[in-house]
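Undergrad: Residue numbers (the working numbering): 3 to 118.
No residue lacks a Cβ here, since even glycine has one placed at the ideal position from N, Cα and C.
Just so it is clear, the structure is predicted and the values come from calculations on it, not from any experiment.
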Amino acid sequence: QVHLVESGGGLVQPGGSLRLSCAASGSIFSINVMGWYRQAPGKARELVATILNRGSTNYADFVKGRFTISRDNAKNTVYLHMYSLKPEDAAVYYCNSVTTSGVVYWGQGTQVTISS
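(1) Across the segment 3-21 and the segment 88-96, are there enough close Cβ pairs to call them in contact, namely three or more that are closer than 8 angstroms?
(2) Just to confirm my understanding: we take residue 16, look at its own chain, exclude 5 residues before and 5 after, and list those with CB closer than 7 angstroms. What are they?
(3) What are the complete beta strand (DSSP E) segments, minimum 3 residues, inside the segment 57-118?
(4) DSSP on residue 29, reduced to helix/strand/coil?
(5) Going by DSSP, what residues sit across from residue 41 in a beta bridge?
(6) Under a three-way DSSP split, which group does residue 47 fall into?
(7) Are the Cβ atoms of residue 33 and residue 99 separated by less than 8 angstroms?
(8) How big is the Cα-Cα spacing for residue 21 and residue 46?
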């Protein structure tokens, strides 16, 4: 099993920045890809960004150029660096991992609020 714990959410003004962290524990050797998803009230959960074990990344069009996903293998942690935040970026952000056998794990989520 893989256990994911997100942190770093909070209140930020439009145009501001925030860094989310996702610490993984358990069977981390089995993880093939990690990612960030988000869900705003009344909306479906949507992909934000993913990063493979080899380091290649993928971003949703609506965050390209504003968000960066990275990982620190020594700390078993994945980060989401968010810049130029917009009101529409407000959501609960979830960390996700997929193992080599296709098992999906989710964190508990961290709230990001954008308000002046």
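TA: If we stick to the structure as given:
(1) The segment 3-21 makes contact with the segment 88-96, as at least three CB pairs between them are under 8 angstroms.
(2) Cβ within range, chain order: 87, 88, 89, 116, 118.
(3) DSSP runs (the beta strand (DSSP E)) wholly in the segment 57-118: 59-61, 69-74, 79-84, 93-101, 106-108, 112-116.
(4) The answer is coil: DSSP assigns residue 29 none of H, G, I, E or B.
(5) DSSP lists 94 as partners of residue 41.
(6) Residue 47: coil per DSSP, three-state reduction.
(7) Using a Cβ distance threshold of 8 angstroms, residue 33 and residue 99 count as a contacting pair.
(8) Taking C-alpha positions only, residue 21 is separated from residue 46 by approximately 23 angstroms.
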